[in-house]
Amino acid sequence: MSSHSPPDSFVAVALSNIVGGILGSTQGLLTSIAVFVWDFGMAILNLITQNHAPNRVVPQGYAGANGMWPKYTAPARGDSRCSCPALNAMANHGILPHDGRNITFRELNTAIRNTYNFAPSFCYFVLNYIAGILDRNYWSDSFDLADIDVHNGIEHDASLIREDQFFESDQATISVPLVERLLKSGTGPNGDLTPADLSRLLSQRRAESKAKNPQYSQALQHRLFGSANSSTMLTIFGGKIKDLRPFLLEERIPDKWQPQVTSRMGLTLAAFNGVVTRVELGVRDVGAKREKTKAA
Ligand SMILES: *[C@@H]1O[C@H](CO)[C@@H](O)[C@H](O)[C@H]1NC(C)=O
Ligand SMILES: *[C@@H]1O[C@H](CO)[C@@H](O)[C@H](O)[C@H]1NC(C)=O
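Here it is in structure tokens:
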């Protein structure tokens, strides 16, 4: 497989990686196909059902319903946190255990759906993938937030909000300079982020990491995770800087906030794929281009 193949969609790449042995087994492949079929069904349901009202996306009876989020408490010493602001924020608000420990994959799936309005197929796909990387069982095991930061599993270099692991071994540490740069980069209305802004920032970060970090590595699947998690800022957060500021700097969900994706079944892999592809295709990746020229 070429290391930089623009026409590949996120789903196609995910599938071929799986074939290539990341999950490695026929069972893994069958599971993935089942998940994509399930996800496609959710995407169709989203087209034919009415969206949630923008101020009532979180289901009634759950944390965040009507914009009422449980109290925020910054993490204490010894609490487990990770590179992902979305999970840390849930722990900071007590939607997950505040110490960030002993969380089952299954409870996390439900909690993420209710908090951020991802489709169940999306949550299952990502969490099952993480369980695989950690060599745990999605259906029966649990983990601490910091566990997911195994380097070059999901966690990878050239983050928009964390220093590379080579410079900062604790990937829960928020890089204020990087976050501030991100928050100043929006060129949309009100300075909000657009897909082009994220492509530009990702290009810049990849070039910086390549230049400064002697252990820089970014396989295609890591580049795609990078465009994927950055794209959640455009979808779930609608690119809105006023909400991203507390979310990224304090890992706090703003008062009255609701997910900006209002689809009834939540954000599907199918819908997300389009945004990710757009962001990743906009990235000018110097190294990858060189490889491509060489290959041609
Ligand atoms: C984790 O939680 C389970 C129940 O949810 C409990 O049985 C187990 O003892 C806990 N483990 C630790 C290390 O706290
Ligand atoms: C995407 O998320 C992972 C895990 O939280 C993180 O290590 C990575 O750096 C992020 N990528 C970008 C481009 O922010």
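In this note's numbering, the protein residues as written are -5 to 290.
All residues carry an ideal CB built from backbone N, CA and C; glycine is no exception.
In this structure, does DSSP put residue i in helix, strand or coil?
i    : result
E157 : coil
T167 : coil
T109 : helix
I97  : strand
E274 : helix
H46  : coil
L90  : coil
E149 : strand
L261 : strand
S74  : coil
S179 : coil
R134 : In the sequence as presented, Arg is not what sits at residue 134; that position holds Ser. Here S134 sits in coil by DSSP.
W251 : coil
D33  : helix
T20  : helix
K283 : Note on K283: pLDDT 44, under 50, position unreliable in the model; the coordinate value appears next. Here K283 sits in helix by DSSP.
Can you tell me the Cα-Cα spacing of residue i and residue j, whole angstroms?
i    : j    : result
D93  : T104 : 19 Å
H87  : F161 : 29 Å
A85  : Q165 : 16 Å
M36  : A113 : 7 Å
T20  : A28  : 12 Å
I230 : I106 : 12 Å
R278 : S193 : 8 Å
S163 : A265 : 34 Å
R246 : P64  : 10 Å
N146 : D129 : 15 Å
V52  : P208 : 44 Å
R100 : G232 : 27 Å
Y123 : V170 : 29 Å
L228 : K236 : 13 Å
W133 : I97  : 12 Å
D158 : P91  : 27 Å
S179 : N82  : 24 Å
S211 : L218 : 13 Å
D135 : I155 : 29 Å
L243 : A68  : 11 Å
G185 : A205 : 29 Å
Y66  : T167 : 18 Å
V31  : T43  : 18 Å
R239 : T25  : 37 Å
R175 : L187 : 12 Å
Is residue i near ligand 2, with its Cβ less than 7 Å from a heavy atom?
i    : result
C117 : no
I155 : yes
Q165 : yes
A47  : no
E174 : no
G220 : yes
A152 : yes
I148 : yes
S90  : Sequence check: residue 90 is Leu here, not Ser. Checking every heavy atom of ligand 2 against the Cβ of L90, none is found closer than 7 Å.
N223 : yes
L187 : no
S197 : no
K77  : At residue 77 the sequence reads Ser, which differs from the Lys that was named. Because some heavy atom of ligand 2 lies under 7 Å away, the Cβ of S77 counts as near it: yes.
Nearer than 7 Å: is that true of the beta carbon of residue i relative to any heavy atom of ligand 1?
i    : result
S136 : yes
Can you find a heavy atom of ligand 4 that lies under 7 Å from the Cβ of residue i?
i   : result
N96 : In the structure on display, ligand 4 does not appear, and the ligands it does have are ligand 1 and ligand 2.
With residue i as the anchor, note down where its alpha helix (DSSP H) starts and where it stops.
i    : result
V120 : P114 to I127
T226 : L214 to T229
D191 : P189 to K206
R239 : I235 to L243
Handout entry: Given 8 Å, three or more beta-carbon pairs between the stretch 196 to 206 and the stretch 45 to 52
Key = In the pairwise beta carbon analysis, the stretch 196 to 206 is classified as not touching the stretch 45 to 52: fewer than three pairs are separated by under 8 Å.
Exercise for the section: Kindly confirm or deny that the stretch 77 to 84 and the stretch 135 to 154 touch, where touching means at least three C-beta pairs closer than 8 Å. Expected result: Note that the stretch 77 to 84 touches the stretch 135 to 154; at least 3 beta-carbon pairs, one per stretch, sit closer than 8 Å.
Practice task
Kindly confirm or deny that the stretch 50 to 61 and the stretch 244 to 252 touch, where touching means at least three C-beta pairs closer than 8 Å.
Solution key: Contact holds: three or more Cβ-Cβ distances are below 8 Å.
Problem - Touching by the beta-carbon criterion (3+ pairs, under 8 Å), the stretch 219 to 230 and the stretch 265 to 276 - result: Because the criterion of three Cβ pairs below 8 Å is met, the stretch 219 to 230 and the stretch 265 to 276 touch.
Problem - Three-pair Cβ contact test at 8 Å for the stretch 110 to 126 versus the stretch 255 to 264 - result: Touching, yes, given that three or more Cβ pairs across the two stretches are closer than 8 Å.
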